[in-house]
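To keep things clear, I will list the structure first and then write my remarks on it.
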Amino acid sequence: IKGETHIIQYMNAMQHLMEQLKLEANMEKIKVFQAAAELQEYSMQNVCRDALLVGIPARSNRFQKPRFCALS
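Residue numbering for the sequence shown follows the UniProt record's numbering, beginning at 1 and increasing consecutively.
What follows is the structure in structure tokens.
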């Protein structure tokens, strides 16, 4: 029974893999230079909202460690 369970799991995994491959095979394909051009155009259109290029204002950065000051 233990061996049968492994076989069933293997068959289920292979069926899932085949479904995924069929989905990917039916996807519209474009040439690399076209994809690169579209990505570059998108990046240029959204450059003002790109945190890697313009940074994140300190007051709105929720990941920044809080700073404390001590008065002496």
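Every residue gets a Cβ at the ideal spot worked out from N, C-alpha and C, and that includes glycine.
For the alpha helix (DSSP H) that contains residue i, what are its first and last residues?
i	result
Met27	No alpha helix (DSSP H) contains Met27, which DSSP labels as neither H nor E.
Ala51	Ala51 to Val54
Is the Cβ-Cβ distance between residue i and residue j less than 7 Å?
i	j	result
Val47	Leu53	yes
Look at the alpha carbon of residue i and the alpha carbon of residue j, and state the distance between them as a whole number of angstroms.
i	j	result
Asn12	Met27	23 Å
Gln20	Arg49	34 Å
Ala36	Lys29	13 Å
Met14	Ile7	10 Å
Arg59	Arg67	12 Å
Gln34	Gln9	40 Å
Val32	Leu23	20 Å
Gly3	Met18	23 Å
Lys65	Ser43	29 Å
Nearest by alpha-carbon distance to residue i: which of the options is it?
i	options	result
Phe63	Gly55, Val32 and Met18	Gly55
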